[in-house]
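This note's numbering applies: residue 22 is where the sequence shown begins, and numbers increase by one.
For each residue, glycine too, the CB sits at the ideal point set by N, CA and C.
Below is one structure, written out as structure tokens; the observations come after it.
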Amino acid sequence: MVYRNAFTEDQLSTVAEELLRYFPDTKIFLFSGDLGSGKTTLIKHLCKAFGVTDRVSSPTYGLVNTYASKENGRIYHFDLYRLKDETEALDMGIESYLDENAYCFVEWPKLIVPFVPETHVDVQLKIVDTHRSIHAQTAFV
């Protein structure tokens, strides 16, 4: 489990590296937290740690962005905030993405939990005053 009670945006590279070190064999990461809690920014730092040189941005309207990593192949970044139900997730092919054995970073994962592989990492981000807190742990469905 990774838990940091107070960190600033300047420390996100360190937080990202801690997550990857602590969960080296897990490729599905589900990010939850209020708007503005730092989900997309943390994912940018995770991608940077993987050597992604593509522009990493929130896929809010396209639902998924694909990034290339020389060492880790494709990395998928989902923002499912706009999904209304599980059917929309299935229509976009969520099961295929999750079964591909690629890294998947999923913001707003609530609707896809039934389709997530057994082992994944739940990442909770919160805003506490002027800092952020993170709680990440392996989850078993």
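Here E38 is near A70, since their CB atoms are less than 8 angstroms apart. Collapsing the DSSP output to three states places S34 in a helix. Straight across, the Cα-Cα distance linking I49 with A110 is about 16 angstroms. Looking at T151, F126, N26, the one whose alpha-carbon comes closest to that of H141 is F126. Proximity to Y24 across V36, L63, A160 peaks at V36, based on C-alpha coordinates. In the displayed model, F136 falls within a helix according to three-state DSSP. Excluding residues up to 5 positions away in sequence, I49, L119 lie with their Cβ nearer than 7 angstroms to the Cβ of P138 in the same chain.
In this structure L101 touches W129 by the C-beta definition: roughly 4 angstroms separates them, less than 8 angstroms. When the Cα atoms are used, T61 and D112 turn out to be separated by approximately 24 angstroms. Residue nearest to Y124 within the set K147, P135, F99 is F99 (criterion: CA-CA distance). Look at S117 here: in three-state DSSP terms it is helix. Your pair S90 and V77 does not check out as a contact, with CB atoms roughly 11 angstroms apart and the cut at 8 angstroms.
Short of 6 angstroms from the beta carbon of A160, and not among the five residues preceding or following it, lie these beta carbons of its own chain, in chain order: H141, D143.
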